[in-house]
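To start, the structure itself, in structure tokens.
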Amino acid sequence: MTRRRLGTLAWAAGTLLVAFVMFFPILWMALTSFKTENDAIAFPPKWFFSPTFENWRIAVFGGPVLEFMGNTAWITLASTLLALALGFPAAYAMAYYRTKRTDGSMLWMMSTRMLPPAGVIVPLFIIFRDLSLLDTHLGLILLFAGMNLPLVVWMITGFMEDVPFALIEAARLDGATLWQEFTRVLLPLLVPGLAATALLALIFTWNEFFFAVNLTTRAASPLSVYVSTFKAAQGDLFVAKMSAAATAAVVPVLIAGWLAQRQLVTGLTMGAVK
Amino acid sequence: MTTAMTQPKRRRRIGEGRRFLSAPAIVYLILLTQVPFALTIYYSFTNWNLLRPASAGFLGFDAMFRNYQRILQNPDFWQVLVNTVVLTVSVVVVTFVLGMAFALLLNRPFPGRTLARTLLISPFLMMPVASAVVWKYLLLDPAFGLSAWVSRSLGLPAVYLVERAPLASIIAIVSWQWTPFVMLILLAGLQSLPEDVVEAARLDGAGPLGLFRHVTLPHLRRFIEIALLLEIIFVLNVFGEIFVITSGGPGIQTTNLPYQIFLEAFSRWNVGRASAYGIFAIVLANLAVILFLQVVRRARQEEGR
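Protein sequence lines, in the order shown, are assigned to chains F and P.
Counted from 1, the first sequence has number 1327 at position 80 by this note's numbering; the numbering is strictly sequential.
Counted from 1, the second sequence has number 148 at position 161 by this note's numbering; the numbering is strictly sequential.
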């Protein structure tokens, strides 16, 4: 009995150690964001230091981070809502009105998600230029809504298939319109599923970089584009401020992902694995 | 009686209209993916360069494949192709081994398991360009990075890994980010393995290794396939890490296909050439998927024999 307990404890210690090592770069980033610039580039590295909020004050709250985060938040929110608005009725049709073509349509949708972004970036750039969508929120919102649409349709279809059709039939007998079926019957039942779907779309959109860097210059650039500007060293003393900016950029998604751990798997595999 | 007679009819009438509710989403996706795809094909047959506005012309039927010919004759292209394949295959192998190990570690109740899982999935949630700057400066910088401290503490000279082994560094960083992805899916697979099956195998005298080989692995097959397939598709598109850490260099040692397309399109503004490269990227993605499915099918057949 005790041997078994010891085994479990050793297992716990080993696994937590591995987890800590994997997490360490993130922890180190967060720690560095509270160092002075001189402490941040001290050698050997400083494990203990007196924390300062200067970097957060200068780089995040007083600097450009908040502005870019505003862009990211607005683009993420609007594109997710648009994807849900387009995807919800589509999922309704896929779940409750199956035809011979339904499976084919679903697979085709998923295949569009697999198209390499680099393969279509040139025409997208030209189209954006001709429609004056370059460096606009609207352009990225339209694009990211499409990027997340297959995921949204797949996930919501899965959730809807779990709703007994009898509930919808009962509402119809009471004379419910399509809109009432959506808002009175399905929405309340699907809130957890929709939240999980939205959270996943949020994670993908928030972190997206390739389209963002090629289709925006400054006004509509999301946070990922700003963080990437640190690719060039910015003077001698920027590492701590860079860490503050990077930490601010990843914290919302880390929290969202921690909350949605269970749904991550369903979403990542488009429901192929539940 | 009346409801029983009219209800199926009404449901069918409603159904006929409502199945078209998927039309907006499908049209939207066609506009957003198929139209650009068709345009990529067309542009790849032009000599259009945005720096020369008069150049927006079709190459003519006798010379329409000129962009493709130039690319195939360019030795750099083969290097870029090799980089892309090496990067993707290495990341898939590394993340599979680590992801499997981590999933097995988590697939057993112990105090602190939720914490361990939460910490382990975090790299995947990181914005890739944020991971890139953290690795580039905080961890790998030769002057103040942690790697320098570790190697000095071990009595070794501090080297700049990104310079010494650029592609390996990118592979390591991308693997760090993608290991949690594989781990999560395999963990879902492990947890769907019925306890009584494991118990039965144990009673039959299966040791831990035999159990893993003959019970766990076959059960995990579908999960492994999906994890690796999706990973291949996504890792072929890696861009942010290369953009931030190496800019494709030194030389073209870390340039993959997406980065090459980025250079061709947005620093040389060569629409025609970049589009032809884009077609190669699309073909490569499809080839990778087909090849992978082929391997899976063959493995299945051999297993069946």
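Idealized CB from N, CA, C, for every residue including glycine.
- Under the Cβ criterion (8 angstroms, minimum of three pairs), the segment 130 to 145 of chain P does not count as touching the segment 99 to 113 of chain P.
- Proximity of the segment 1395 to 1406 of chain F to the segment 1327 to 1334 of chain F meets the contact definition, three or more beta-carbon pairs being nearer than 8 angstroms.
- Checking the DSSP bridge columns, you'll see P/R189 has no partner listed.
- The beta carbon of F/A1493 is closer than 7 angstroms to those of M1276, V1474 in its chain, skipping five residues each way along the sequence.
- Contact check between the segment 214 to 223 of chain P and the segment 59 to 79 of chain P: three or more CB pairs, one atom from each, fall below 8 angstroms, which counts as touching.
- Counting only runs of 4+ residues, the alpha helix (DSSP H) found wholly inside the segment 91 to 169 of chain P occupies 100 to 112, 115 to 120, 133 to 140, 148 to 151, in chain order.
- In the three-state reduction of the DSSP assignment, P/N36 falls in the strand class, which pools E and B.
- Linking P/L148 to P/G235 through their CA atoms gives a straight-line distance of about 15 angstroms.
- Scanning chain F for C-beta atoms nearer than 7 angstroms to the C-beta of P/M113 yields I1273, V1497, reported in chain order.
- Closest option to F/E1301, judged by alpha-carbon separation, among F/A1289, F/N1285, F/M1316, F/W1294: F/N1285.
- Under DSSP, the beta-bridge partners assigned to P/F45 are P/T33.
- Each of F/I1450, F/T1452, F/G1422, F/L1414 was checked against the Cα of F/P1435, and the nearest Cα belongs to F/L1414.
- The residue among F/I1388, F/R1304, F/R1509 with its C-alpha nearest the C-alpha of P/I172 is F/R1509.
- Taking P/I269 as the centre and dropping the five residues before and after it, the same chain places the C-beta of F24, T27 closer than 8 angstroms to its C-beta, in chain order.
- A distance below 6 angstroms between beta-carbons, with the five flanking residues on each side excluded, links F/L1470 to the following residues of its chain, in chain order: F1315, M1316, T1319, A1496.
- Interface residue (Cβ-Cβ distance to chain F less than 8 angstroms): P/I277 is not classified as such.
- The Cβ atoms of P/R260 and P/R104 do not sit closer than 8 angstroms to each other.
- Taking C-beta separations shorter than 7 angstroms and ignoring five residues to either side along the sequence, the partners of F/E1428 in its chain run I1415, A1418, following chain order.
- DSSP places F/N1461 inside the alpha helix (DSSP H), whose first and last residues are 1457 to 1462.
- In this structure the segment 1363 to 1373 of chain F does not touch the segment 1291 to 1306 of chain F; the number of beta carbon pairs closer than 8 angstroms is below three.
- In the assembly as shown, P/Q281 is an exposed residue. Its beta-carbon has fewer than 16 other beta-carbons within 10 Å.
- In its chain, beyond the 5 residues on either side, L74, V78, V222, V225, E228 have a beta carbon closer than 8 angstroms to the beta carbon of P/V161.
- Each of P/R95, P/P11, P/A50, P/I108 was checked against the Cα of F/R1252, and the nearest Cα belongs to P/R95.
- Around the beta carbon of P/I108, a 10 Å sphere encloses 16 or more other beta carbons of the protein chains shown; the residue is thus reported as buried.
- Of the other Cβ atoms in all chains shown, fewer than 16 fall within 10 Å of the Cβ of P/Y29; this residue is therefore exposed.
- Per DSSP, the continuous alpha helix (DSSP H) segment holding F/P1499 begins and ends at 1486 to 1506.
- Only residues of its own chain outside the window of five on either side were considered, and among them V169, L215 have a CB closer than 7 angstroms to the CB of P/F83, listed in chain order.
- Within the same chain, Cβ atoms closer than 8 angstroms to the Cβ of F/L1381 are found at F1372, F1375, L1462, T1463, T1464, the five residues on either side in sequence being excluded.
- Your pair F/G1334 and P/L19 does not check out as a contact, with CB atoms roughly 13 angstroms apart and the cut at 8 angstroms.
- Contacts with chain F at 8 angstroms (Cβ-Cβ) do not include P/P144.
- The beta strand (DSSP E) runs of length 3 or more contained entirely in the segment 210 to 264 of chain P do not exist; there are none.
- Membership of F/F1271 in the alpha helix (DSSP H) is indicated by the continuous run 1249 to 1279.
- Using a Cβ distance threshold of 8 angstroms, P/R5 and F/T1346 do not count as a contacting pair.
- Shown here, F/V1410 sits in coil according to DSSP, grouped into three states, outside any helix or strand.
- Per DSSP, the continuous alpha helix (DSSP H) segment holding F/Y1343 begins and ends at 1311 to 1343.
- For F/P1469, there is no enclosing alpha helix (DSSP H), as DSSP marks it with neither H nor E.
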